[in-house]
Amino acid sequence: MEDPTRRMLQQLIRRIPTQMLKTSLSRWGRLDAEQLDFTQRKVVWTECLLALCEESGLGVKHITELEMIYVIDNPNRRLWTAYQLLEPEDDARSVELTHFKEQFKAHLAELNRHVSVKIKKHTDEEVWIRIAWGDSFSRPNHLKPTYVVCYLQTPYVFVNNLTSVQKPLLSQALILATKYSSIKDANLSGRKLTGIRDLLMKQFRQVFPSKHLQPLGENKQINSNPQIGCEQEEQSENRLQMACEAFGGGMLPELQTATYKLETKLKDNTNKIMTEREQPFRCVVTFASTNILESLRHSAMTGIASTPVTPLLSSITQKGRNHFVISDKGPGRLPQTPHPTK
Amino acid sequence: MERQSSGVLVQRRSRQSYRSYVGSHLGFTPGFTQRRLTTSRVAAARGRRGARAPGGRGAAEASPAQLALLAREWQLSYVTPLYRFRHDQLRSYARQLGAFLAAETRRGEAAEAGLQDGLKVSITLVAGMAQTEEDPDAVFIQMHSKRQFAAPDDAPRLAWSGWLACVGGDADYLRSLPPDFVCLPLLGASGAEGLTALVKAWFRRTFDCCFGPLEINSVNLQWLAALWTDCHAQTSIQQLKLVWSLPVEPPLQVTYTVHPQDAWELWKSVRQPGERGEEEVGEEDGSIAIEEVARFIKGLQSHFYRHFRVELSAEQLTQVSTALGAAKHSGRLKISNSSYMITTLTLLTECALLKMPI
Numbered sequence: 000m001e002d003p004t005r006r007m008l009q010q011l012i013r014r015i016p017t018q019m020l021k022t023s024l025s026r027w028g029r030l031d032a033e034q035l036d037f038t039q040r041k042v043v044w045t046e047c048l049l050a051l052c053e054e055s056g057l058g059v060k061h062i063t064e065l066e067m068i069y070v071i072d073n074p075n076r077r078l079w080t081a082y083q084l085l086e087p088e089d090d091a092r093s094v095e096l097t098h099f100k101e102q103f104k105a106h107l108a109e110l111n112r113h114v115s116v117k118i119k120k121h122t123d124e125e126v127w128i129r130i131a132w133g134d135s136f137s138r139p140n141h142l143k144p145t146y147v148v149c150y151l152q153t154p155y156v157f158v159n160n161l162t163s164v165q166k167p168l169l170s171q172a173l174i175l176a177t178k179y180s181s182i183k184d185a186n187l188s189g190r191k192l193t194g195i196r197d198l199l200m201k202q203f204r205q206v207f208p209s210k211h212l213q214p215l216g217e218n219k220q221i222n223s224n225p226q227i228g229c230e231q232e233e234q235s236e237n238r239l240q241m242a243c244e245a246f247g248g249g250m251l252p253e254l255q256t257a258t259y260k261l262e263t264k265l266k267d268n269t270n271k272i273m274t275e276r277e278q279p280f281r282c283v284v285t286f287a288s289t290n291i292l293e294s295l296r297h298s299a300m301t302g303i304a305s306t307p308v309t310p311l312l313s314s315i316t317q318k319g320r321n322h323f324v325i326s327d328k329g330p331g332r333l334p335q336t337p338h339p340t341k
Numbered sequence: 000m001e002r003q004s005s006g007v008l009v010q011r012r013s014r015q016s017y018r019s020y021v022g023s024h025l026g027f028t029p030g031f032t033q034r035r036l037t038t039s040r041v042a043a044a045r046g047r048r049g050a051r052a053p054g055g056r057g058a059a060e061a062s063p064a065q066l067a068l069l070a071r072e073w074q075l076s077y078v079t080p081l082y083r084f085r086h087d088q089l090r091s092y093a094r095q096l097g098a099f100l101a102a103e104t105r106r107g108e109a110a111e112a113g114l115q116d117g118l119k120v121s122i123t124l125v126a127g128m129a130q131t132e133e134d135p136d137a138v139f140i141q142m143h144s145k146r147q148f149a150a151p152d153d154a155p156r157l158a159w160s161g162w163l164a165c166v167g168g169d170a171d172y173l174r175s176l177p178p179d180f181v182c183l184p185l186l187g188a189s190g191a192e193g194l195t196a197l198v199k200a201w202f203r204r205t206f207d208c209c210f211g212p213l214e215i216n217s218v219n220l221q222w223l224a225a226l227w228t229d230c231h232a233q234t235s236i237q238q239l240k241l242v243w244s245l246p247v248e249p250p251l252q253v254t255y256t257v258h259p260q261d262a263w264e265l266w267k268s269v270r271q272p273g274e275r276g277e278e279e280v281g282e283e284d285g286s287i288a289i290e291e292v293a294r295f296i297k298g299l300q301s302h303f304y305r306h307f308r309v310e311l312s313a314e315q316l317t318q319v320s321t322a323l324g325a326a327k328h329s330g331r332l333k334i335s336n337s338s339y340m341i342t343t344l345t346l347l348t349e350c351a352l353l354k355m356p357i
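From first to last, the protein sequence lines stand for chains A and B. With numbering that gives the first Met the number 0 as the guide, the letters of the first sequence map in order to residues 0 to 341. With numbering that gives the first Met the number 0 as the guide, the letters of the second sequence map in order to residues 0 to 357.
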């Protein structure tokens with residue numbers, strides 16, 4: 000086995016926890032994993048695995064397969080950034096997989112000769128692309144691949160591990176293969192692919208304002224105390240309703256952060272100097288939690304965040320974004336044109 | 000007596016040229032501690048202001064031992080006064096501590112502590128880490144491990160380090176101690192927790208003292224935020240970062256990062272010119288009042304509220320950091336710039352003294 004291949008396999012095994020690797024190896028099916036003794040230390044059976052691969056004459060191609068199996072099965076272990084394709088051509092909706100595959104590979108190869116692309120259909124609409132990049136002087140680097148997940152019938156694309164040099168190449172190939180005119184940063188990123196996908200595609204229970212309070216599941220738990228006064232009950236029901244209108248009902252998509260870059264004036268009745276200052280007060284506010292939408296909904300329900308919820312916070316679900324730049328310019332408090340943020 | 004000691008104090012201040020004097024935040028301390036600590040420290044500090052030598056600020060010359068205190072994160076604890084601790088016995092203490100650690104290793108109890116055979120212990124004085132004549136000198140403890148296969152010119156690896164200090168401790172309290180006691184109320188430890196526990200055990204046994212965790216509460220973190228921001232005119236703070244934690248399910252963390260210039264301008268705007276004379280604002284002014292700190296934080300919080308409708312004042316501030324240093328509610332401290340070390344430690348010494356059981 001060549002050295003780079005060996006290194007690639009070693010790195011891959013190092014990154015994957017043993018339990019998960021066992022599943023991936025059996026799904027891979029290239030060698031008999033029964034021969035490996037997983038009770039031993041990882042270093043020991045890694046050597047055996049390398050020997051087995053060498054015996055079976057497996058190369059880079061097969062190892063990328065194993066990597067893809069693992070990544071597709073565990074999509075929630077890396078940082079994903081969402082992009083949105085814009086202005087579809089008339090036949091964009093009818094692009095099917097074989098055509099997309101051909102076109103994407105051809106266009107990318109045209110832009111960069113030293114590139115290795117692997118495309119795999121996961122479900123009917125979900126297509127996974129693995130790209131190993133090289134440049135004019137080097138062969139594709141399989142140690143740092145870019146992963147792209149496309150949903151062919153939607154304008155959304157999710158990307159992991161993309162450098163600014165590679166970004167225009169990938170954008171170009173994607174636009175041409177999907178028959179759209181342009182692509183933009185959707186200002187949404189997170190560690191859980193399913194979370195950002197569900198948020199962007201509105202795959203969660205949205206609650207709409209109504210005069211009659213909807214019977215929401217959570218209601219009963221909160222009002223179980225008979226001592227709570229009628230008025231208080233009404234208030235908390237109100238808060239619950241508004242919290243769900245802002246962030247959604249039931250299970251919410253998992254998102255880890257929301258970042259606001261504030262460039263607004265500091266207005267404070269008690270501070271004349273700052274209020275009169277021309278320049279905006281520059282700061283960045285980040286909300287972080289294992290599931291910020293759940294956390295924010297809970298804070299609105301319990302009154303930690305006042306209701307009605309500020310449009311800044313409800314924009315996360317309403318606009319499907321978690322990066323915002325807020326300035327005083329333009330009507331309303333939210334910027335009308337999404338500033339690209341990074 | 001009082002006059003005499005303040006005369007000495009002024010001399011020291013001009014020589015060491017540290018700056019901001021930590022004002023009174025004792026409005027927040029529980030009633031029982033007030034017997035021990037004077038409540039009018041701002042007034043006292045301002046009273047002395049006139050006597051301060053001009054140009055007595057800027058970067059203080061840091062000794063090598065002081066430099067060793069930088070760029071490492073310390074876990075803070077409070078320490079009750081040490082019985083029969085003598086600064087001229089440090090070498091002997093180092094030997095005793097080394098022997099104690101070796102004995103623990105042999106008993107096998109230290110295996111978990113990551114303790115290897117042959118730790119070389121040194122205990123030294125740290126010069127200049129004091130604010131008043133009454134402050135006992137700070138002590139620096141280092142443990143180097145000898146590697147078995149080290150080349151002759153290999154530097155020994157630092158396995159554990161820690162310091163005990165009293166910076167600007169309350170004079171009345173220090174004077175009230177019986178003569179056999181030395182008060183070094185602040186311990187900073189960096190290294191394996193098992194080793195910290197052993198060092199504490201040895202101190203407890205040898206000097207009949209006790210240790211407890213020193214948490215830095217919201218009020219003190221606010222003080223540090225203000226103290227560091229106040230330094231921005233001399234040394235850039237890069238950014239002012241404050242972290243709050245909100246008790247919701249799942250727990251929510253709010254990180255508020257402010258541009259250094261804007262933070263400083265907000266700070267300047269909340270300073271009270273009336274009480275100290277116009278000419279001194281933004282110039283050389285040693286004291287910070289609790290009201291100024293409160294207004295500064297309130298300014299930040301109300302800006303936040305206007306956007307997010309969340310009242311941060313009701314939540315717990317858990318972390319403050321700037322380029323000059325970082326402090327966490329859990330009692331972790333990092334000081335990155337020697338110029339403001341004394342100021343920061345003065346505040347923390349006060350916290351430690353307040354935290355101690357009487």
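The beta carbon of each residue, even a glycine, is placed where N, CA and C say it ideally should be.
If you check the CB distance, A/Leu168 and A/Leu110 come in under 7 Å. Contact note: A/His121 does not reach chain B at a C-beta cutoff of 8 Å; the least C-beta distance is about 29 Å.
Under the DSSP assignment, A/Asn270 falls outside any alpha helix (DSSP H); it carries neither an H nor an E label. For B/Gly298, the nearest CB of chain A lies under 7 Å from its own CB, placing it at the interface with that chain.
Distance between A/Leu292 and A/Glu244, taken at the CA atoms: about 12 Å. Contact check between the segment 80–98 of chain A and the segment 175–183 of chain A: three or more CB pairs, one atom from each, fall below 8 Å, which counts as touching.
The way I'd put it, the segment 258–267 of chain A does touch the segment 305–313 of chain B; three or more beta-carbon pairs between them come closer than 8 Å.
Interface annotation for the segment 215–236 of chain B against chain A: empty, criterion Cβ-Cβ distance under 9 Å. By the beta-carbon neighbour count (other beta carbons within 10 angstroms, threshold 16), A/Thr80 is buried.
Under a 10 Å Cβ-count criterion, B/Gln318 is classified as buried, with 16 or more other Cβ atoms of the shown protein chains found around its own Cβ.
Sequence-distant Cβ neighbours of B/Phe180 in its own chain, meaning closer than 7 Å and more than five residues away, are Pro80, Leu81, Tyr82.
Nearest Cα to A/Gln255 within the set A/Phe157, A/Gln165, A/Ser288: A/Ser288.
Taking a beta-carbon distance threshold of 7 Å, B/Ser312 does not count as an interface residue toward chain A. As the crow flies, the alpha-carbon of B/Leu163 is around 5 Å from that of B/Leu185.
B/Ala262 has its alpha-carbon roughly 9 Å from the corresponding atom of B/Phe295. In the three-state scheme derived from DSSP, where H, G and I count as helix and E and B as strand, B/Met142 is classed as strand. About 6 Å separates the CB atoms of B/Val253 and A/Phe286; that is less than 8 Å, so the two are in contact. Per DSSP, the continuous beta strand (DSSP E) segment holding B/Ala188 begins and ends at 185–190. Look at A/Lys143 here: in three-state DSSP terms it is strand. Contact of A/Ser235 with chain B is not assigned, every C-beta pair being separated by 7 Å or more. Taken atom to atom, the span from the alpha-carbon of A/Leu161 to that of B/Asp229 is near 41 Å. Nearest to A/Pro144 by alpha-carbon distance, out of A/Thr153, A/Gln152, A/Arg138, A/Ile130, is A/Ile130.
Taking a 10 Å sphere around the C-beta of B/Ala326, we find 16 or more other C-beta atoms and assign the residue as buried. As a beta-bridge residue in DSSP terms, B/Glu72 pairs with B/Lys333. Between A/Phe99 and A/Ala172, the C-beta gap is not smaller than 7 Å, which leaves the two residues out of contact.
When Cβ-Cβ separations below 7 Å define contact, B/Pro249 makes contact with chain A.
In the displayed model, A/Val94 falls within coil according to three-state DSSP, outside both helix and strand. DSSP places A/Cys243 in the uninterrupted alpha helix (DSSP H) bounded by 229–246. The Cβ atoms of B/Leu213 and B/Tyr77 sit closer than 7 Å to each other.
The beta carbon of A/Leu175 sits closer than 7 Å to the beta carbons of Gln102, His106 from its chain, once the five residues preceding and following it are set aside; these are given in chain order. Between B/Leu323 and B/Trp222, the gap from beta carbon to beta carbon reaches 7 Å or more. C-alpha of A/Gln202 to C-alpha of B/Ala188: approximately 50 Å in a straight line.
A Cβ of chain B is located within less than 7 Å of the beta carbon of A/Asn270. For B/Val292, the closest Cβ of chain A is not nearer than 7 Å.
Within 8 Å of the CB of B/His328, no CB atom of chain A is found; the nearest one sits about 16 Å away. Ranked by how close their Cα comes to the Cα of B/Val242, the residues B/Leu251, B/Leu66, B/Ser235 have B/Leu251 in first place.
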